[in-house]
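Counting from -18, one number per residue, gives the positions in the sequence shown under the numbering used here. Here a beta-carbon is modelled for each residue, glycine too, at the ideal position from N, C-alpha and C. The structure under discussion appears below in the form of structure tokens.
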Amino acid sequence: MMSSSFNIYRVGIFFIMMCIFYKSAVDSLSELSPQKYFSTLQPGKASLAYFCQADSPRTSIFLEELNEAVKPLQDFGISVAKVNCVKEETSRYCGKEKDLMKVYLFRGNILLREFPTDTLFDVNAIIAHVLFALLFNEVKYITTLEDLQNIENSLKGKANIAFSYVRAIGTPEHRAVMEAAFVYGTTYQFVLTTEIALLESIGTEAIENAHFYFFHCKQVLDLTQQCRRTLMEQPLATLNIHRFIKTMEAPLLGAPVEFLVLHDTELIISRVEGNTHIEEMQEDEDEDVQSPDMDIQDDEVAETVYRHRKTQLPLELTVELTEATFNATVVASDSIVLFYAGWQAVSMAFLQSYIDLAIKLKGTSTMLLTRVNCADWSDLCTKQNVTEFPVVKMYKEGKHPVSYAGMLGTEDLLKFILLNRISCPVNITSVQEAEEYLSGELYKDLIPYSSVSVLGLFSPNMTTAKEDFTKAGNYLRGCVITGIYSEEDVLILSNKYGATLPALLLARHKEGKVESIPFANSRVQDIVQIVTNALLETFPEITVENLPVYLRLQKPLLILFSDGSINPQYTKAILTLVKEKHLDSLTPCWLNLKNTPAGRGILQTYFNALPPLPLIVVVNLHSGGQVFAFPSEQAITEQNLLLWLKKLEAGLESPITILPAQEWKPPLPAYDFLSMMDAAASQHPTRKEPECTKETNMQKNDKKQHEDKSTIRKEPVETLRIKHWNRSNWFKEGDKSFRHDNKEL
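Have a look at this one:
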């Protein structure tokens, strides 16, 4: 058996040979056509591409530097390519002359960042910028001392900080920090600044040079205590940072050191081999034990997935599809298909909900639950128009696929599937059947998933109106139960419910009432708008899941906070004001802290401490940010509420706080999820997005109108702040009602 000492010697010789080989054979920059380049992109793999005209003479210097960066970037798993554009090429990257002065960073086929070539002035700048873009979670860039203090306080007792100051982005020192973050970014929180004032506040001398500090925060349990800071005295270079961090990891010497003198080489070898055997046994025993630092993730979803990475899911409850089996399986059965990416945290988190759904439907559903890992079958996902993850689609024979766009949870997905079991709209054939439909008896097993049933009433000759309603019903499939009645005796129903044809009958099963809404000359999108509005409750309980729906109304929220169920008298008072049109300019709602504990954090933000409950506040999240509190000493009655709202209208009440007008921007364009949601919402025929999407020709017919809307709405509807707000606009709609009641008050 070869001795371990010889193994070490052999590894050393191999390392020297590799270094010599590296010096003599640096990889060169590959040159590809645009079509060839995009065909080589792999899911999850980073790639840097420079698009240029093949005969461009002014890029030679930059190409030399880019060529120097090829090998170092490949060591980090990042491919580099020069893409030669021809004059006939009209793609985004080969079109305008100004676009040819940029370098593009992709992950898979997703564009992460654009770099002007003048910022990538040398090999150090290229590597520094690319790693900085990819390591946005591992390296926090800050500009103020307050930012540093906030990070330090958040990591006390949890993790240590590697803090660095560099003179500018793209310098050799910046590259050194990024290379260190690539190795140690999951163990320590790297913090970077270029602000010399921040460095001065730490009290460092010789501030003209780059600095690297190690903040010992992990052992600090007292939040009032400052983390001990150690300055690296060597120049800021990759090797020096590595040595410094290893030194910081070493434990403090707290016990006497015993020296062992061995005079025989064999004794040394024997002792080393014996210790190695012991270490291997310990490694086997502690294989599943991870350093607590390794478990820390910036993203809560990613952290949850990481912590449960060894949990075995019963994947056999779903059918895994490939490019070879997809078409045959989907054609042969009604199928639900989950398109996900095995490398993405959200996908893996949703996969758990999808398996839970399979458990609930086991043996009770004719739908086949399947899944496609787009990390393995990217071409298949592209053919199915899957451009984001995760995505769920329902396939039925002879029909267009229906895309699910609701919450990524088991219950909402279950609702989508169950409501899709029936046609939308359902063809009602008699008055008796219509009455059973409106009472909820016809589909009583689905009432828990759709508290409102919609019935369209039409005369037999109303062909266009029926067609529009049918399209709207198909669009709302999986969201709400819809039916249609157009028999000769339709007047029996219209007379009973006071409906003027064509009309919608909305059966609200919780309240046990039916209301009628005429919609003559309404288009498909108008019908969808009416139904979507009908799904909103008059005085809803706000939860994490439904809050975005009510925020889209773009009205100030009147919130009743309670610690449990609310007093029926409070509900009656608010519903009376709603009925009398006093709250038309507000969205009245209530929040139960027992069901939604996040409400405690909201109240603490408003009041700095948890106030006595129940409590009513008015807050405009969309503009201004003012928060007003109903006086706690007053009883919650109709008259007191109305008087208080009148004071708000007149500007006689002072806000208890004003929410800061901060913008939450994504770290990279590819992570601008709100814009993606807004773009998707703008493709629907209503600004209140239903929880399902039907891929039909209706979208093509209304394309122009949707594009007009999308040009107007440049910011996502979920954005909580709009910079300008006029308090008088709050109550513009209810102004007449207030003046009418003013005489009596």
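What residue does the alpha helix (DSSP H) around residue i start on, and which one ends it?
i, result
"residue 17", "15 to 21"
"residue 362", "359 to 364"
"residue 811", "This structure gives no information on residue 811, because the portion of the chain shown stretches from -18 to 726."
"residue 587", "579 to 588"
"residue 418", "412 to 420"
Tell me whether residue i is buried or exposed, calling it buried when 16 or more other Cβ atoms sit within 10 Å of its Cβ.
i, result
"residue 409", "buried"
"residue 455", "buried"
"residue 471", "buried"
"residue 251", "exposed"
"residue 99", "exposed"
"residue 216", "exposed"
"residue 55", "exposed"
"residue 173", "buried"
"residue 182", "exposed"
"residue 45", "exposed"
"residue 448", "exposed"
"residue 607", "buried"
"residue 685", "Note that residue 685 has pLDDT 40, beneath the 50 cutoff, so the model's placement of it is unreliable and the number below is only indicative. With fewer than 16 Cβ atoms within 10 Å of its Cβ, residue 685 is classed as exposed."
"residue 311", "buried"
"residue 9", "exposed"
"residue 585", "exposed"
"residue 249", "exposed"
"residue 431", "buried"
Give the straight-line distance between the Cα atoms of residue i and residue j, rounded to the nearest whole angstrom.
i, j, result
"residue 678", "residue 382", "Residue placement at residue 678 cannot be trusted, given a pLDDT of 43 that sits under 50; the coordinates are not used to answer."
"residue 477", "residue 336", "47 Å"
"residue 140", "residue 169", "6 Å"
"residue 385", "residue 394", "8 Å"
"residue 360", "residue 66", "24 Å"
"residue 26", "residue 226", "28 Å"
"residue 446", "residue 500", "9 Å"
"residue 389", "residue 533", "19 Å"
"residue 563", "residue 526", "27 Å"
"residue 506", "residue 457", "11 Å"
"residue 196", "residue 371", "39 Å"
"residue 114", "residue 133", "23 Å"
"residue 198", "residue 330", "31 Å"
"residue 32", "residue 157", "27 Å"
"residue 95", "residue 292", "39 Å"
"residue 288", "residue 137", "21 Å"
"residue 636", "residue 18", "57 Å"
"residue 443", "residue 483", "8 Å"
"residue 510", "residue 366", "26 Å"
Quick one: is residue i near chain C, going by C-beta distance under 8 Å?
i, result
"residue 155", "Although the question refers to chain C, the structure presented lacks it and comprises just one protein chain."
Which residues mark the beginning and the end of the beta strand (DSSP E) in which residue i is found?
i, result
"residue 60", "60 to 66"
"residue 48", "That residue, residue 48, is in no beta strand (DSSP E); its alpha helix (DSSP H) goes 41 to 56."
"residue 195", "192 to 197"
"residue 170", "170 to 174"
"residue 520", "First-last for residue 520: undefined, no H or E at that position."
"residue 478", "Looking at the DSSP string, residue 478 is not in any beta strand (DSSP E), and its letter there is neither H nor E."
"residue 321", "316 to 321"
"residue 496", "494 to 499"
"residue 572", "568 to 573"
"residue 404", "It is not in any beta strand (DSSP E) - residue 404 carries neither H nor E in the DSSP assignment."
"residue 28", "27 to 34"
"residue 389", "Taken as a continuous stretch (DSSP letters only), residue 389 belongs to no beta strand (DSSP E), as it is neither H nor E."
"residue 729", "Given a span of -18 to 726 for the chain in the structure shown, any question on residue 729 remains unanswerable."
"residue 489", "484 to 489"
"residue 463", "462 to 466"
Pair every Cβ in the stretch 431 to 446 with every Cβ in the stretch 399 to 418, then say whether three or more of these pairs are closer than 8 Å.
-> yes
With three or more C-beta pairs closer than 8 Å as the rule, is the stretch 202 to 218 touching the stretch 164 to 178?
no
| request: List in chain order: all unbroken alpha helix (DSSP H) runs of 4+ residues lying wholly within the stretch 79 to 160. | output: 104 to 115, 126 to 136
Count the C-beta pairs between the stretch 618 to 628 and the stretch 549 to 563 that are closer than 8 Å, then say yes if the count reaches three, no if not. Cβ pair count under 8 Å is three or more, so yes.
Sequence ranges, alpha helix (DSSP H) only - wholly within the stretch 521 to 552, length at least 4: 528 to 532
ask   = Residue ranges of each beta strand (DSSP E) run of no fewer than 3 residues wholly in the stretch 595 to 642, ordered along the chain?
value = 596 to 600, 607 to 610
Ignoring anything shorter than 4 residues or poking outside the stretch 327 to 387, list the alpha helix (DSSP H) runs there in chain order.
359 to 364
message: Tell me whether the stretch 563 to 581 and the stretch 535 to 551 touch, counting them as touching only if at least three CB pairs, one residue from each stretch, are closer than 8 Å.
response: Per the Cβ contact rule, the stretch 563 to 581 is in contact with the stretch 535 to 551 (3 or more Cβ pairs under 8 Å).
Practice task
Determine, using beta-carbon pairs with one atom in the stretch 90 to 106 and one in the stretch 119 to 131, whether at least three such pairs fall under 8 Å.
Solution key: no
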